[in-house]
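Please read the structure below before turning to the comments.
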């Protein structure tokens with residue numbers, strides 16, 4: 003009956019080393035994003051991308067980072083949807099696409115964090131793909147809203163929120179908001195929706211690779 | 534899953550908020566992608582799979598079905614939250630790891646010493662996993678300047694959509710030392726997690742401070758599921774295994790172990 007323990011022990015080591023490996027890699031990219039990666043980083047990255055390691059890590063949920071708001075808490079992002087009824091001149095403001103539960107809004111926030119990061123180009127390995135993709139995401143959400151609210155003009159905005167710094171001591175200091183992206187869907191009488199900036203509407207080339215976020219190839223953790 | 538149930542059509546299927554072509558860029562390429570499958574099926578499919586997910590979660594509470602339920606859940610959870618990372622966050626990764634450890638190390642109803650030793654190995658793995666989670670969590674914060682001056686934790690509790698039960702009033706921002714101490718304590722609790730192995734008192738200190746930390750995360754940041762899951766993991770790793778319980782194990786007959794027979798003759 004010793005072989006099960008031998009296998010168990012080997013698995014034990016494999017599991018923990020995979021978990022530590024992913025964290026070392028992501029800690030390396032997150033801690034000093036301006037510096038070029040070190041040699042060990044490249045070697046470990048190649049090892050991590052080997053199919054057995056990659057598949058096992060994803061099945062066991064070990065491929066994320068455990069930094070949890072470290073090393074720095076990133077910018078806060080939120081969205082604003084203006085639903086405008088031109089007939090009655092009535093405006094409705096929504097902060098999300100109509101999600102009904104708090105748990106869903108937490109998940110939506112995670113989506114906004116990634117998209118907001120792409121718009122601000124904070125990802126260390128960012129490339130030209132991420133910004134249009136974030137815009138395409140905004141357009142997609144806006145169109146979804148338009149389909150759910152026929153007859154209304156929908157304006158969708160992504161905003162970065164500046165939280166008053168700790169130690170400011172002034173209760174009147176309010177959070178600041180910076181507009182990152184805005185798009186609008188106009189509703190016509192003929193029941194056709196069109197984009198107000200159709201000529202500049204971002205398109206997604208088919209040859210794109212998945213974008214890279216601050217924490218590597220996977221979404222950042224809470 | 535019950536909490537996100539009404540919003541499932543926003544996540545997956547033909548009516549999803551994110552266009553299928555865009556969602557593909559979040560796909561990890563490992564496992565089956567739920568949104569890819571559901572794009573071709575009626576919206577009801579996502580509700581059915583979610584119902585199966587909830588049923589399997591309930592079956593995790595019934596000992597005879599734990600391992601089988603965890604095994605199937607492992608793949609459904611991955612399809613829901615990890616094969617596409619657009620809607621996922623930390624709790625999904627940790628839940629996947631917990632399911633994986635359950636599949637491998639759940640001892641079942643067999644009370645033999647061999648199975649007991651096997652489940653102890655699982656508990657050790659969970660303990661080690663938690664130490665890795667907290668240690669790297671603390672180490673990451675240690676490198677960030679904002680966690681030293683309190684602005685890190687201040688920003689963390691003022692995230693949008695938090696839905697927290699308790700909110701820190703904006704005027705407390707004028708007490709920088711409060712937030713500095715809170716930030717440093719967070720780093721300390723996370724980095725000191727390995728001392729839980731040093732003995733009962735250390736273990737209790739780590740358990741209670743970690744639970745307090747997660748209660749704070751749940752109440753002030755609004756990450757209820759994450760907080761609840763981590764409190765549960767900590768109890769499973771550092772409380773239940775050390776609870777004073779008496780268990781009788783079936784003795785393995787000496788004949789089954791030739792080495793023992795040889796050594797006694």
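Protein chains in written order, with the working numbering: chain A, 3 to 224; chain B, 534 to 798. Note that CB positions come from ideal geometry on N, CA and C, so glycine has one too.
Between residue 668(B) and residue 726(B), how many whole angstroms is the CB-CB distance? I'm expecting something under 8 Å.
For the purposes of this step, residue 668(B) is taken as the residue at position 135 of the second chain. For the purposes of this step, residue 726(B) is taken as the residue at position 193 of the second chain. Going by Cβ atoms, the distance from residue 668(B) to residue 726(B) rounds to 6 Å, so yes, they are a contact pair.
Roughly how many whole angstroms lie between the Cα atoms of residue 198(A) and residue 168(A)?
For this step, residue 198(A) is matched to residue 196 along the first chain. For this step, residue 168(A) is matched to residue 166 along the first chain. Unreliable placement is indicated for residue 198(A), whose pLDDT of 47 sits below 50; the coordinate value is still reported in the next sentence. Cα to Cα, residue 198(A) sits roughly 40 Å from residue 168(A).
If the criterion is Cβ atoms closer than 8 Å, does the pair residue 540(B) and residue 106(A) meet it?
Here residue 540(B) corresponds to residue number 7 of the second chain, with the count starting at 1. Here residue 106(A) corresponds to residue number 104 of the first chain, with the count starting at 1. Yes, these two residues count as a Cβ contact at 8 Å.
Straight-line Cα distance separating residue 72(A) from residue 33(A)
Counting from one through the first chain, the residue named residue 33(A) turns up at place 31. Counting from one through the first chain, the residue named residue 72(A) turns up at place 70. Confidence at residue 33(A) is low in this model, with a pLDDT of 46, below 50, so the placement of that residue should be treated as unreliable; the coordinate-derived value is given next. Approximately 8 Å, taken between the alpha carbons.
Where residue 658(B) meets chain A, residues with beta-carbon distance less than 8 Å:
In the second chain, the residue the question calls residue 658(B) occupies position 125. Here the neighbours are 14, 17 and 18.
Interface partners of residue 661(B) on chain A, CB under 7 Å
Residue mapping note: residue 661(B) aligns to position 128 of the second chain, counting from 1. Within chain A, the residues near residue 661(B) are 18.
Which chain B residues are close to residue 110(A), counting only those with a beta carbon under 8 Å from its beta carbon?
The residue labelled residue 110(A) in the question sits at position 108 within the first chain. Ordered by position in chain B, the residues that pass the 8 Å Cβ test against residue 110(A) are 620 and 694.
Reference residue 620(B); option with closest CA among 740(B), 536(B), 544(B) and 762(B):
Residue mapping note: residue 620(B) aligns to position 87 of the second chain, counting from 1. With respect to the C-alpha of residue 620(B), the residue from 740(B), 536(B), 544(B) and 762(B) having the closest C-alpha is 544(B).
With a cut-off of 8 Å on the beta carbons, I'd call residue 741(B) and residue 663(B) a contact; round off their distance for me.
Stepping through the second chain from its first residue, residue 741(B) is reached at position 208. Stepping through the second chain from its first residue, residue 663(B) is reached at position 130. About 15 Å; that fails the 8 Å criterion.
Spatial neighbours of residue 628(B) within its chain, please: C-beta separation below 7 Å, excluding the five flanking residues on both sides.
As a first step, residue 628(B) is located in the second chain; it is residue number 95 there, counting from the start. Contacts found: 610 and 762.
Between residue 166(A) and chain B, is there a C-beta pair that is closer than 8 Å?
Residue 166(A) sits at position 164 when you count from the first residue of the first chain. So, interface residue.
Expected contact under 8 Å - CB spacing of residue 66(A) and residue 623(B) to nearest Å
On the first chain, position 64 is the one that residue 66(A) refers to. On the second chain, position 90 is the one that residue 623(B) refers to. That pair is a contact at about 7 Å.
Cross-chain neighbours of residue 92(A) in chain B, by beta carbon under 9 Å
Residue 92(A) sits at position 90 when you count from the first residue of the first chain. Here the premise fails: no neighbours, minimum Cβ distance about 24 Å.
Along chain A, in chain order, which residues have C-beta atoms closer than 8 Å to that of residue 709(B)?
On the second chain, residue 709(B) is found 176 positions in, with the first residue counted as 1. What residue 709(B) touches in chain A: 168 and 169.
Hey, does residue 105(A) have any beta-carbon neighbour from chain B nearer than 8 Å?
Along the first chain, read from residue 1 onward, the residue named residue 105(A) stands at position 103. Yes - at least one Cβ of chain B is within 8 Å of the one on residue 105(A).
So for residue 536(B), helix, strand or coil by DSSP?
The residue you call residue 536(B) lines up with position 3 of the second chain. For residue 536(B), the secondary structure class from DSSP, reduced to helix, strand or coil, is coil.
Continuous alpha helix (DSSP H) stretch holding residue 799(B): start and end:
Residue 799(B) is absent from the structure shown; chain B starts at 534 and stops at 798.
Beta bridge counterpart(s) of residue 227(A) as assigned by DSSP:
This structure cannot settle anything about residue 227(A), because the visible part of chain A is limited to 3 through 224.
Who are the neighbours of residue 73(A) on chain B, taking C-beta pairs under 7 Å?
As a first step, residue 73(A) must be located in the first chain, where it is residue number 71. Chain-ordered, the chain B residues with CB closer than 7 Å to the CB of residue 73(A) read 673, 674, 676 and 677.
Starting from the C-beta of residue 648(B), find all residues in its chain whose C-beta is less than 7 Å away, skip the five residues before and the five after it, and write them out in chain order.
On the second chain, position 115 is the one that residue 648(B) refers to. So the qualifying residues of the chain are 640 and 641.
Could you check whether the Cβ of residue 33(A) sits closer than 8 Å to any Cβ belonging to chain B?
Position 31 of the first chain, counted from the first residue, corresponds to residue 33(A). Confidence in residue 33(A) is poor, its pLDDT being 46 and thus under 50, which makes the residue's placement unreliable; the coordinate value appears in the next sentence. With respect to chain B, the C-beta atom of residue 33(A) has a partner C-beta closer than 8 Å.
Just verifying my parser: in three-state terms, what is the DSSP assignment at residue 176(A)?
As a working note, residue 176(A) is residue 174 in the first chain. Assignment of residue 176(A) by DSSP, reduced to helix, strand and coil, places it in the coil class.
Who are the Cβ neighbours of residue 631(B) in its own chain at under 7 Å, not counting the five residues just before and after it?
Position 98 of the second chain holds residue 631(B). 766.
Terminal residues of the continuous alpha helix (DSSP H) containing residue 762(B)?
As a working mapping, residue 762(B) is identified with position 229 in the second chain. First-last of the alpha helix (DSSP H) with residue 762(B): 757-771.
Across which residues does DSSP place residue 96(A) in a beta bridge pair?
Looking up residue 96(A) in the first chain gives position 94. Residue 96(A) pairs with 83(A).
Per DSSP, which residues does residue 560(B) bridge with? Please list them.
Position 27 of the second chain, counted from the start, is the residue given in the question as residue 560(B). Beta-bridge pairing links residue 560(B) to 617(B).
Proximity below 8 Å, CB of residue 162(A) to CB of residue 156(A)
Translated into positions along the first chain, residue 162(A) becomes position 160. Translated into positions along the first chain, residue 156(A) becomes position 154. No, they are not a contact pair.
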